[in-house]
């Protein structure tokens, strides 16, 4: 078992955490990791379908803590990206199959979950930066491969800052994909 030795407040006071434990092998998906500001940040979907974080700043792992609010039920593995000077973690909420994200400027304090837009998914969203653009790929609940990107001037602190999803077969993003 891995123990989180930290306690206190993680970011805004609505994001409190207390020392908790999670079995290091108690994950139901592949972990996601990112480096940011000389930190190695890892996120996993625990077996209870909650989001857990761990950070190594060069002195060893700080310990697991469960992301709050804890009522968000992950529908798949979380996915990280470093974009526009912030860390984004994307995931599906299993209760409604919608894509959500959280942002952080330091890997320790995180925003609340913010809805991407109104699509429903069975997999994804998977983020990538391509030619300076943030792109999200996902699989819809009816099996179609989809793509979206932020609206011009997006304010990532608010929901619905992404364009409508486009089927990759009929995409108008000017990208060419070969499958």
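Residue numbers (the numbering used here): 285 to 463.
Each residue gets a CB set at the ideal place from its N, CA and C atoms; glycine is no exception.
Computed from a predicted structure; not experimentally measured.
- Relative to residue 415, the option among 326, 451 and 368 whose CA is nearest is 368.
- Beyond the five residues adjoining it in sequence on each side, residue 317 comes within less than 6 angstroms, by CB distance, of 326 in the same chain, given in chain order.
- The straight-line gap separating the alpha-carbon atoms of residue 430 and residue 344 is approximately 38 angstroms.
- A residue is called buried when at least 16 other Cβ atoms come within 10 angstroms of its Cβ; residue 417 does not meet this threshold and is exposed.
- Proximity to residue 432 across 439, 421 and 397 peaks at 421, based on C-alpha coordinates.
- Cβ contact annotation for residue 446 (same chain, cutoff 8 angstroms, sequence separation greater than five): 400, 401, 420, 432, 433, 434, 435 and 438, in chain order.
- Counted as a single uninterrupted DSSP element, the beta strand (DSSP E) harbouring residue 383 occupies residues 382 to 388.
- Rounded to whole angstroms, the separation of the alpha carbons of residue 452 and residue 373 is 23 angstroms.
- In the DSSP assignment, residue 361 falls outside any beta strand (DSSP E) and carries neither an H nor an E.
- Each of 382, 349, 387 and 356 was checked against the Cα of residue 320, and the nearest Cα belongs to 387.
- Residue 325 carries a strand assignment under DSSP once its states are collapsed to helix, strand and coil.
- Taking every protein chain shown into account, the CB of residue 441 has fewer than 16 other CB atoms within 10 angstroms, so this residue is exposed.
- Burial check for residue 383: the Cβ neighbour count within 10 Å reaches 16 or more, so the residue is buried.
- The three-state reading of DSSP puts residue 439 in coil, since its state is none of H, G, I, E or B.
- With contacts defined by Cβ atoms closer than 8 angstroms, residue 371 and residue 391 form a contacting pair.
- Look at residue 452 here: in three-state DSSP terms it is helix.
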